[in-house]
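In what follows, a single structure is set out as structure tokens and then discussed.
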Amino acid sequence: VSTVKHIKGVENYLIPVPENLKVIDESYPKLVRISHFALANFPYWLELTTTKVFFMVAHVRPLWSTFHNVYNGMFLLICYVLYGMSLINKSVHFEIKWFSGFYFLIHIIGVGITAADWDGRFLMPLLPILFILVGFQFSSLILAISNKKSRINRLLSKIINQFIRTSRYPQE
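For the sequence shown, our numbering gives the first residue as 5, with consecutive numbering after it.
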């Protein structure tokens with residue numbers, strides 16, 4: 005985002021760099037440099053990480069239209085709620101729940117500590133697993149709703165039949 009500071013509204017999404025930022029020499033291995041950066045600048049690192057994770061998971065961007073961001077955010081929010089419901093659904097095998105949760109967690113942590121995802125490429129590997137479990141949960145909900153409707157219809161039929169039988173009008 006620092007390369008597009010001239011675009012209106014982007015300044016609201018910039019995270020100010022602390023003046024006393026502690027960074028070690030590039031001669032150290034990358035893992036050591038990342039670890040040192042995170043530990044030495046923990047509040048700043050945490051803000052960077054959570055911001056990157058939020059923008060990756062929500063799939064919203066400061067430069068996209070409001071409609072586009074709302075559409076993406078709402079669609080994925082519904083998907084995440086259904087995904088969460090699938091994780092507590094007893095019909096989904098424990099191994100599938102564990103694998104998908106671990107896969108999501110590792111992927112999100114990897115993006116959070118390493119890369120800024122401004123084009124959505126890091127969300128794409130998560131979507132097939134997300135959509136499979138969302139589809140399963142959605143079909144379970146549709147089935148449950150249709151079963152409730154048929155139970156409600158049977159109950160209403162019983163009530164109407166009972167009313168007709170007990171009414172004061174003679175049946176023919």
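Here a beta-carbon is modelled for each residue, glycine too, at the ideal position from N, C-alpha and C.
Being a predicted model, the structure only gives us computed values, none of them experimental.
What does the alpha-carbon distance come out to for the pair residue i and residue j?
i: Ser31; j: Arg37; result: 9 angstroms
i: His72; j: Ala119; result: 23 angstroms
i: Asn157; j: Cys83; result: 30 angstroms
i: Tyr17; j: Asn93; result: 37 angstroms
i: Pro129; j: Phe103; result: 14 angstroms
i: Pro132; j: Tyr87; result: 12 angstroms
i: Leu134; j: Lys101; result: 11 angstroms
i: Ile164; j: Asn151; result: 20 angstroms
i: Glu23; j: Gly114; result: 27 angstroms
i: Asp29; j: Phe142; result: 51 angstroms
i: Ile177; j: Leu160; result: As displayed, the chain neither begins before 5 nor continues past 176, which places residue 177 out of reach and without an answer.
i: Pro66; j: Ser144; result: 36 angstroms
i: Phe79; j: Val27; result: 39 angstroms
i: Pro33; j: Phe126; result: 24 angstroms
i: Tyr48; j: Ser39; result: 13 angstroms
i: Val5; j: Val14; result: Low local confidence applies: a pLDDT of 49 at Val5 is under 50, so the model's placement there is unreliable, and no value is given.
i: Phe106; j: Glu99; result: 10 angstroms
i: Gln166; j: His97; result: 44 angstroms
My assumption, with CB atoms under 8 angstroms, is that residue i sits in contact with residue j. Please give the rounded CB distance.
i: Val57; j: Gly116; result: 4 angstroms
i: Leu137; j: Ser90; result: 4 angstroms
i: His63; j: Asn45; result: With 8 angstroms as the limit, His63 and Asn45 do not qualify as a contact, their Cβ atoms being about 27 angstroms apart.
In the segment 40-66, which residue ranges form an unbroken alpha helix (DSSP H) of at least 4 residues, counting only runs that do not cross its ends?
Taken in chain order, the complete alpha helix (DSSP H) segments of 4 or more residues contained in the segment 40-66 are 46-62.
With a threshold of 8 angstroms, are at least 3 pairs of Cβ atoms found where one atom belongs to the segment 43-52 and the other to the segment 103-111?
Contact between the segment 43-52 and the segment 103-111 is absent: fewer than 3 CB-CB pairs across the two stretches fall below 8 angstroms.
Hey, which unbroken runs of the alpha helix (DSSP H) at 4 residues or more fall wholly within the segment 92-138?
Fully enclosed alpha helix (DSSP H) runs of 4 or longer: 98-118.
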